Each structure stands twice: as structure tokens, then as C-alpha cells.
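Asker: Shown below is the structure under consideration.
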Amino acid sequence: MVAAIGAALVFLYTKGADTRAAEKFDSVEVLEATAIIAPGETIEDAQAAGKLALAPTAKDSLLDGYQTTTDSLAGTVSLGTIYPGEQIIAAKFGASASTQSTLQIPDTNMAVTVNLTDPARVAGFVNPGSQVAIFLTGTDPSTGTGYSRLLMERVSVIGVGSTTPVTTTTTDETGVATTEQLPRTLLTLSVDQLQAEKLLFAQGNGELSFGLLTDKSTVAPAPPMTSDLLFK
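Numbering (my numbering), first residue to last: -16 to 215.
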């Protein structure tokens, strides 16, 4: 009797082990990369280039978001480098970078970009998240008088672009010309419609400069500074 019971238990254990082994090695045909897929490469281009193939994968090795076809990934691009043998999963693909905005723009505002020299942007200390006051230096068209004046009290910087050297030439009263290179950098601001209109008009009719602010900086509208008022 004991021998019979022992034999039955061994049989049941062996059968269970066989079942577990079958489940472990039960596979699913999933898409894998057969060649490197570069960041920004579309799923369609990867497929056309023969970089995708179905491969049997054990069920316990399947990754979340695995794909058996490219249907659900149509129109997407690789968000990073995908290497041969990697499973194609939804998390590795997304919308084209050209259609995505990484700027954090308040719902009621818009992004406007200006191009400033190094001194005008506080020698490079202005970064995304900075608060700035914006000043305009120009000439009054009705009087021909030069002035500097506060244009906007406090504006948020939400992006800083690449820097490009710009050559400028100035001539003094004696006719001597001086040429220098000042790097200019694109800075993107979060503004409302009226601010955007003022900013774009001012940029085309004068020289903009930023003043970097702290939480406690005091800025208030004031009359324009002219040569008549400079030393008063």
C-alpha cells in the first residue's frame, strides 16, 4: 500500500513538472529588431529596411507592450536606439519629435523667441525657469531722441536655444570702424497675446535687453531714460 501511494505521488509530481515546463517554454511570435533601429527612425522605415522580424519568445519572457504586428505603432518613431534581438514594445516608440513640444507653456499663453547678445541676456546667466524684466533701447521716431525704457516687468523664460556668433561693426565720431563678434542666443519666453505683439514690434524697432530677477526684485514702470534725464 505504501509503495502504491509513493508511486502515485511520484507520478503526480512528474506530471506537474512536465506541465510547468510546457508552460515555461510555451512561446509567442513577437516582433524583434534584427538590426539597429536609430532614434527618430519610423516604424515603417524600419520594417521596409528589413529590421523587424517575428521571433518565438517564451511567455514568461514577454515584455509589457510587446507587439506581434506594427499596426498599433503606425506613424511613430523610435525614441531611442533599439539593438538587434530586442523586443519591439510600445514604450520604445512615440510621436515624431517635430510634432512634440517640450516647452511648458501656461494654457493661456504662447511661446515667443527673441535673439539677444551675451550682454543683453545677462552674460549667459538666463536659463529656462528664469524670471526677467525686459528693457527696450531705441529712438523715438517723432523726436529722434534716444531712450531706454522698461518694456515688461516680469516674464518667464521657458527655453534657451543655440548660440551663434554675430559680427558687428561700429564707427566712432572720427570715422574709425571697430568690428567685434558677440554671440547671440535664442531665448523663448512665455507671454500673452498683447505681450507678444509688444515684444515683436520692439525687437524690430530697437534693441532688447534682459534684467535677471529674483523673487524679491523690485521692478516698476517709469518714464523713459533719455540723455536729458541721465544725470539728473
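Cβ coordinates follow ideal geometry from the N, Cα and C atoms, glycine included.
Here the structure is a predicted model, which is why all the values come from computation and not from measurement.
#1: For residue 182 versus residue 95, is the C-beta spacing smaller than 8 Å?
#2: Can you give the Cα-Cα distance for residue 161 and residue 155, rounded to whole angstroms?
#3: Quick check on the burial criterion: 16 or more other C-beta atoms within 10 angstroms. Buried or exposed for residue 87?
#4: Where do the N-terminal and C-terminal ends of the alpha helix (DSSP H) with residue 186 fall, by residue?
#5: What's the C-alpha gap between residue 13 and residue 66?
#6: What residue range does the alpha helix (DSSP H) around residue 31 cover?
#7: Grab me the residues of residue 30's own chain with a C-beta within less than 7 Å of its C-beta, minus the 5 sequence neighbours each way, in chain order.
#8: Count the other C-beta atoms from every protein chain shown that fall within 10 angstroms of the C-beta of residue 61, then say buried if there are 16 or more, exposed otherwise.
#9: Given that a residue counts as buried once 16 or more other Cβ atoms are within 10 Å of its Cβ, and exposed if not, what is residue 138?
#10: Excluding five sequence neighbours on each side, which residues of the same chain lie with their C-beta closer than 6 Å to the C-beta of residue 71?
#11: Out of 75, 45, 40, which has the shortest C-alpha to C-alpha gap to residue 56?
#12: Using a Cβ-Cβ cut-off of 8 Å (strictly less than) and excluding sequence neighbours within five positions of residue 111, which residues of its own chain qualify?
#13: For residue 20, I'd like the list of residues in its chain whose CB is within less than 6 Å of its CB, leaving aside the five on either flank, ordered along the chain.
#14: Following the continuous beta strand (DSSP E) through residue 194, name the residue where it begins and the one where it ends.
#15: Along the chain, where does the beta strand (DSSP E) that runs through residue 36 open and close?
#16: Taking residue 179 and residue 93 to be in contact with their CB atoms under 8 Å, please state how far apart those CB atoms are, rounded to whole angstroms.
#17: When you compare the CB positions of residue 9 and residue 42, do they come within less than 8 Å of one another, or not?
#18: Could you compute how far the alpha carbon of residue 195 sits from the alpha carbon of residue 63?
Answerer: Reading off the structure:
#1: Here residue 182 corresponds to residue number 199 of the sequence shown, with the count starting at 1. Here residue 95 corresponds to residue number 112 of the sequence shown, with the count starting at 1. Cβ atoms of residue 182 and residue 95: closer than 8 Å.
#2: Against the sequence shown, residue 161 aligns to sequence position 178. Against the sequence shown, residue 155 aligns to sequence position 172. In a straight line, the C-alpha of residue 161 is about 8 Å away from that of residue 155.
#3: Counting from 1 along the sequence shown, the entry for residue 87 is found at position 104. Answer is exposed; the Cβ neighbour count stays below 16.
#4: As a working mapping, residue 186 is identified with position 203 in the sequence shown. 176 to 187 is the extent of the alpha helix (DSSP H) around residue 186.
#5: As a first step, residue 13 must be located in the sequence shown, where it is residue number 30. As a first step, residue 66 must be located in the sequence shown, where it is residue number 83. Rounded to whole angstroms, residue 13 to residue 66 spans 15 Å at the Cα level.
#6: Taking the first residue of the sequence shown as 1, we reach residue 31 at position 48. Residue 31 -> alpha helix (DSSP H) spans 26 to 31.
#7: In the sequence shown, residue 30 corresponds to position 47, counting from 1. The residues are 53.
#8: Here residue 61 corresponds to residue number 78 of the sequence shown, with the count starting at 1. Its Cβ being crowded by 16 or more others within 10 Å, residue 61 is buried.
#9: Within the sequence shown, numbered from 1, the residue matching residue 138 stands at position 155. Buried.
#10: For this step, residue 71 is matched to residue 88 along the sequence shown. Taken in chain order, the residues that qualify are 14, 50.
#11: Within the sequence shown, residue 56 is the residue found at index 73, counting from 1. Comparing Cα positions, the closest option is 75.
#12: One-based indexing of the sequence shown puts residue 111 at position 128. Cβ neighbours of residue 111 beyond the five flanking positions: 140, 141, 142, 143.
#13: Looking up residue 20 in the sequence shown gives position 37. Result list for residue 20: 29, 34, 61, 65, in chain order.
#14: Residue numbering aside, residue 194 sits at position 211 when the sequence shown is read from its first letter. Its beta strand (DSSP E) spans residues 190 to 196.
#15: Position 53 of the sequence shown, counted from the first residue, corresponds to residue 36. From DSSP, the beta strand (DSSP E) with residue 36 extends over 35 to 41.
#16: Taking the first residue of the sequence shown as position 1, residue 179 is located at position 196. Taking the first residue of the sequence shown as position 1, residue 93 is located at position 110. Between residue 93 and residue 179 the Cβ distance is about 6 Å, and since that is below 8 Å, they are a contact.
#17: Numbered from its first residue, the sequence shown carries residue 9 at position 26. Numbered from its first residue, the sequence shown carries residue 42 at position 59. The answer is yes: Cβ separation under 8 Å.
#18: Here residue 195 corresponds to residue number 212 of the sequence shown, with the count starting at 1. Here residue 63 corresponds to residue number 80 of the sequence shown, with the count starting at 1. Distance between the alpha carbons of residue 195 and residue 63: 36 Å.
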